[in-house]
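Taken in order, these protein sequences are the chains called A and B. Counting in my numbering, the first sequence runs from 294 upward without gaps. Counting in my numbering, the second sequence runs from 37 upward without gaps. Worksheet for the structure shown next.
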Amino acid sequence: MRLLAHGQAWLRALFTAGRVMVLAYVAVIAALAWLLPWPEGGAPYRALRWMDAGARLSEELLAAPAVVTFEDRLRVRGERARLVNHYLTQPVAAGDPVLPHHVLAWPLLRTDEVVPFELEAEPNWSVLNAGSTVQIWVDDALKVPAARVLAIVPAGGTGWQALRAGSDVKPDSLGTPKTKPQLRVINLPRPGRAAP
Amino acid sequence: MLSTFLSQLQGYFSKYFVLGAFFPMLSFAVLNGLIGYVALGAWQAWVDANILNASAGETTFTTTALVVAVTLMAYVLHGLGTTLRQVLEGRSWGGVGRLLIPAQSRRREALRRRLQAVAMEIADLDDAPNWQNEMAAARDAGKRDHPGVAYAHPAPDPVATALSELEPKMLDFQEVEADSLQTTAQEIANRLRTCDFDHSPVLLEQQQRLGRVIAYARERAPALHAGLQNAMNAGFGAQDVAPTSMGNVANSIQSYALRRYHCNLELIWSNLLRVAQSDDKTQAMLLEAKTQLDFLVACCWLTLVSAGLWAVVFAVAVPSRAAFLASALGGPLLAWLWYRAATEQYRSFADVAMATFDTLRFDLLRAMRIAAPADVADERTVWENVDLMTTFGADRNFRYDPPPKQ
Numbered sequence: 294m295r296l297l298a299h300g301q302a303w304l305r306a307l308f309t310a311g312r313v314m315v316l317a318y319v320a321v322i323a324a325l326a327w328l329l330p331w332p333e334g335g336a337p338y339r340a341l342r343w344m345d346a347g348a349r350l351s352e353e354l355l356a357a358p359a360v361v362t363f364e365d366r367l368r369v370r371g372e373r374a375r376l377v378n379h380y381l382t383q384p385v386a387a388g389d390p391v392l393p394h395h396v397l398a399w400p401l402l403r404t405d406e407v408v409p410f411e412l413e414a415e416p417n418w419s420v421l422n423a424g425s426t427v428q429i430w431v432d433d434a435l436k437v438p439a440a441r442v443l444a445i446v447p448a449g450g451t452g453w454q455a456l457r458a459g460s461d462v463k464p465d466s467l468g469t470p471k472t473k474p475q476l477r478v479i480n481l482p483r484p485g486r487a488a489p
Numbered sequence: 037m038l039s040t041f042l043s044q045l046q047g048y049f050s051k052y053f054v055l056g057a058f059f060p061m062l063s064f065a066v067l068n069g070l071i072g073y074v075a076l077g078a079w080q081a082w083v084d085a086n087i088l089n090a091s092a093g094e095t096t097f098t099t100t101a102l103v104v105a106v107t108l109m110a111y112v113l114h115g116l117g118t119t120l121r122q123v124l125e126g127r128s129w130g131g132v133g134r135l136l137i138p139a140q141s142r143r144r145e146a147l148r149r150r151l152q153a154v155a156m157e158i159a160d161l162d163d164a165p166n167w168q169n170e171m172a173a174a175r176d177a178g179k180r181d182h183p184g185v186a187y188a189h190p191a192p193d194p195v196a197t198a199l200s201e202l203e204p205k206m207l208d209f210q211e212v213e214a215d216s217l218q219t220t221a222q223e224i225a226n227r228l229r230t231c232d233f234d235h236s237p238v239l240l241e242q243q244q245r246l247g248r249v250i251a252y253a254r255e256r257a258p259a260l261h262a263g264l265q266n267a268m269n270a271g272f273g274a275q276d277v278a279p280t281s282m283g284n285v286a287n288s289i290q291s292y293a294l295r296r297y298h299c300n301l302e303l304i305w306s307n308l309l310r311v312a313q314s315d316d317k318t319q320a321m322l323l324e325a326k327t328q329l330d331f332l333v334a335c336c337w338l339t340l341v342s343a344g345l346w347a348v349v350f351a352v353a354v355p356s357r358a359a360f361l362a363s364a365l366g367g368p369l370l371a372w373l374w375y376r377a378a379t380e381q382y383r384s385f386a387d388v389a390m391a392t393f394d395t396l397r398f399d400l401l402r403a404m405r406i407a408a409p410a411d412v413a414d415e416r417t418v419w420e421n422v423d424l425m426t427t428f429g430a431d432r433n434f435r436y437d438p439p440p441k442q
């Protein structure tokens, strides 16, 4: 009996009204956290159009995911920084997810011979990017009727260089160092279109 | 800009308002603004458009409007300060308050029992000189009746065992029970009677070791008693038990005045504050303590309100289970820490309030034109009469000192 009385006193001291209220509150919050219909977030950035491997990603080429959850807000900002200004390692179809592991800081060039072509300013990435087909003109003469761009990379300061496969361009196609060749886009990047 | 604004703010409001209400409100506004910037797209867009990416004029206008809004909210918070503090003290809690009182009562009862036990120990330890005398007398009797006889210690030796239990308690500053000391002293006295202590060095050493433990116990018990009594006086009032710790600390101020002066402090508190205004240092000390208390109480409530709002936001607007749990559980936990800090600060404030009353009570009587009492008993009668007259309208008379001019 004495042990029982001690036990009761101990329980009364342990489970005070305040502690019971705190436990009840925690239980309610835990139940809400468990039962509320928490929406699934985690939608990725998606490609707005087909892009070839080596394409440099910019804001206009990516469709931002719908921010549904708080985690989305925290994730999307970091993910955007990991995608924009990076290069695709594989072609991506329109609407496909573009994930951080699909990109690298520098393009993967799958050909041994690459011919750089100097650009005067940052290109419009929707038009001139990896997979675009271009012509090269020197002094009003068409030197290269169609060449496929492999990638466009920064070339110090504000300069840019379009990289093309060496097989598309003959040694004299760009004229002498004094000449100023011009680039003209004739086809936007699209799937299955190889350089003629 | 902020420093200029604060200087201007102090011109209109006291520094106690700035510290006790404006700073907490500003801090929480900024903190909530930052969380909102991360969590809410609409708020982020608004901040970007109107502050971060706006022209200098627009930024100034928006920032000024926000600071004015914060000032207004701080003023409301300042006005609600007493109410918010009283809620933390457990006033107006109705049935919930009654549910919480038993725990506080048990806490007080445990303290009271401990106090009583230590008082009993002190009373028992008051007999220690008799134990010492008995051992001394036994020593003399043993030498006289059994000259040259050495004491043969049994194995195991109960006295050695008892000392090996008592001495570590002394070294660890733990409580030593008077009963154990008395029993051991009695046993040593019995042994001393049967031998010549000059030929029993181990027994003599045991007596000396016990003497050191007894001295320690006699020194420690009153200190422990004083500490417990202080905890009781500072933590609880003599009147009803409040539902919260803070409420009981608040009660202790009134109890102190009643216990020491038989004065109903609540009744004359406003008059005391008016008298305190004549003494800059006392007033500053009182207001500093009050401001720190207001600051902590404000932080407690602002944390609770912010956590509640964010819990709703994270449940509905930008759903996140983790953020919801963090705000719904972490917020109240943080508020509880603020509350604990506020309760401790309340003790400091209570100390200052009591010291203020100790120092200024005669000035208060003088301000009330009541003649200064001659002694403690007279003073208690005066305060009792003031209470009876003011509270119950009892028929009590005071001679004005100095008398009013005709």
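Built from N, CA and C at the ideal position, the CB exists for glycine as well.
A Cβ-Cβ contact shorter than 9 Å links Leu120 of chain B with Leu113 of chain B. For Ala270 of chain B, the enclosing alpha helix (DSSP H) stretches over residues Pro237 to Gly271.
At a cut-off of 9 Å between C-beta atoms, Trp331 of chain A counts as an interface residue with respect to chain B. The Cβ-Cβ distance between Ala340 of chain A and Leu354 of chain A falls below 9 Å. Each of B:Phe209, B:Ala251, B:Ala65 and B:Leu147 was checked against the Cα of Trp167 of chain B, and the nearest Cα belongs to B:Ala251. Of all residues in the stretch 388–418 of chain B, none places a beta-carbon less than 8 Å from a beta-carbon of chain A. Take the alpha-carbon of Ala348 of chain A and the one of Gly450 of chain A: they are about 20 Å apart.
Annotation for Gln428 of chain A: the continuous beta strand (DSSP E) segment containing it runs Thr426 to Val431.
With fewer than 16 other Cβ atoms from the protein chains shown falling within 10 Å of its own Cβ, Lys473 of chain A counts as exposed. One Cα belongs to Asn480 of chain A, the other to Asp461 of chain A, and the distance between them is close to 15 Å. In the structure shown, Lys205 of chain B falls within a helical segment according to DSSP collapsed to helix, strand and coil. Residue-level contact by beta carbon fails for Met294 of chain A and chain B, as no gap is shorter than 9 Å. According to DSSP, residue pairing for Phe410 of chain A in a beta bridge involves A:Ala455. Taking C-alpha positions only, Arg397 of chain B is separated from Leu308 of chain B by approximately 8 Å. By the Cβ neighbour-count rule, Arg457 of chain A is buried, with 16 or more other Cβ atoms within 10 Å of its own.
At a cut-off of 9 Å between C-beta atoms, Leu304 of chain A does not count as an interface residue with respect to chain B. Between Pro482 of chain A and Arg403 of chain A, the alpha-carbon positions lie close to 17 Å from each other.
Ala257 of chain B and Gln210 of chain B have their C-alpha atoms some 10 Å from each other.
Taken through DSSP and simplified to helix, strand or coil, Leu294 of chain B comes out as helix.
As summarised for the stretch 61–122 of chain B, the continuous alpha helix (DSSP H) elements at least 4 residues long and confined to that stretch are 77–83 and 92–115, given in chain order.
With respect to Val185 of chain B, Cys231 of chain B sits close: the two C-beta atoms are nearer than 9 Å. Shown here, Leu443 of chain A sits in a strand according to DSSP, grouped into three states.
By the C-beta density criterion, Trp343 of chain A is buried, having at least 16 other C-beta atoms within 10 angstroms.
Between Val106 of chain B and Met61 of chain B, the CB-CB gap stays under 9 Å. When B:Ser216, B:Ala358, B:Leu345 and B:Val422 are compared, the shortest CA-CA separation from Leu367 of chain A is found for B:Ala358. Closest by C-alpha distance to Ser356 of chain B, out of A:Val385, A:Val360, A:Ala439 and A:Asp432, is A:Val360.
Contact between Ala386 of chain B and Ser288 of chain B holds, with the beta-carbon distance rounding to 6 Å and staying under 8 Å.
At a cut-off of 9 Å between beta carbons, Ser356 of chain B contacts chain A. In this model, Gly117 of chain B and Leu323 of chain B are separated by some 14 Å (Cα to Cα). The stretch 134–146 of chain B and the stretch 315–323 of chain A do not touch, with fewer than three beta-carbon pairs separated by less than 8 Å. For Asp84 of chain B, the number of other beta carbons within 10 angstroms of its own is below 16, and it is reported as exposed. Those residues of the stretch 308–321 of chain A placed with their C-beta closer than 7 Å to a C-beta in chain B are Thr309, Ala310, Gly311 and Val319, ordered along the chain.
DSSP lists A:Thr426 as the beta-bridge partner residues of Asn480 of chain A.
Under the DSSP definition of a beta bridge, Ala356 of chain A partners with A:Arg339.
For Ala310 of chain A, the closest alpha carbon among the candidates B:Thr280, B:Pro190 and B:Phe360 is that of B:Thr280. Our two residues, Ser91 of chain B and Gly77 of chain B, have alpha carbons roughly 21 Å apart in a direct line.
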